[in-house]
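Enquirer:
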Amino acid sequence: MQRKDFLRKGLFAALGAGTITPLISACNKEDISANSSTTPNNSNTATGTPTSSDSCTISPMETAGPFPTKTPSSLVTNDIRSDRPGVPLTIRITINNSKNSCAALAGAIVDIWHCDKDGYYS
Numbered sequence: 002m003q004r005k006d007f008l009r010k011g012l013f014a015a016l017g018a019g020t021i022t023p024l025i026s027a028c029n030k031e032d033i034s035a036n037s038s039t040t041p042n043n044s045n046t047a048t049g050t051p052t053s054s055d056s057c058t059i060s061p062m063e064t065a066g067p068f069p070t071k072t073p074s075s076l077v078t079n080d081i082r083s084d085r086p087g088v089p090l091t092i093r094i095t096i097n098n099s100k101n102s103c104a105a106l107a108g109a110i111v112d113i114w115h116c117d118k119d120g121y122y123s
């Protein structure tokens, strides 16, 4: 199967099967400042909100990387469409520190990979 066919048929069929639900439920209404800075750490990632018992649900670990740049501020953008047409989508993500009562981790950097309708990355 060609990559473009996979993106058009396979990926959208999987999304239609409900695999996007965890992503949507992980979104939060709080803003994270793009001007914050932090030192990367290897702590577990967590989702959810703190409870009275100071616990949260920990997501399975994923492979670290890719690491496309050493200066993340050069990639901070509000519009990843480049010069391509597209529909605006607002994503708000909160990274919680499972080792600190699931408190929001200030200044966390999240890479979002995006491709256009033809499968080309912007």
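The number in our numbering is simply the position in the sequence shown, starting from 1, with 1 added. C-beta: ideal position from N, C-alpha, C; glycine also. Note that the coordinates shown come from a computational prediction; the quantities given were computed from them, not determined experimentally.
To the nearest whole angstrom, what separates the beta carbons of SER102 and ILE59, a pair I think is in contact under 8 Å?
Expert: Taking the first residue of the sequence shown as position 1, residue 102 is located at position 101. Taking the first residue of the sequence shown as position 1, residue 59 is located at position 58. At roughly 13 Å, the Cβ-Cβ gap does not stay under 8 Å, so SER102 and ILE59 are not in contact.
Enquirer: Whole angstroms is fine: what's the gap from ASP117's alpha carbon to CYS57's?
Expert: Walking along the sequence shown from the start, residue 117 turns up at place 116. Walking along the sequence shown from the start, residue 57 turns up at place 56. Between ASP117 and CYS57, the C-alpha separation is close to 35 Å.
Enquirer: According to DSSP, is ASN101 helix, strand or coil?
Expert: Taking the sequence shown and counting its residues from 1, one reaches residue 101 at position 100. Of the three classes helix, strand and coil, the one that applies to ASN101 here is coil, per DSSP.
Enquirer: Once DSSP output is grouped into helix, strand and coil, what is the label at TYR121?
Expert: Residue mapping note: residue 121 aligns to position 120 of the sequence shown, counting from 1. Here TYR121 sits in coil by DSSP.
Enquirer: Quick one: Cα of ALA104 to Cα of PRO61, how far?
Expert: Your numbering for residue 104 matches position 103 in the sequence shown. Your numbering for residue 61 matches position 60 in the sequence shown. Going from the Cα of ALA104 to the Cα of PRO61 covers about 18 Å.
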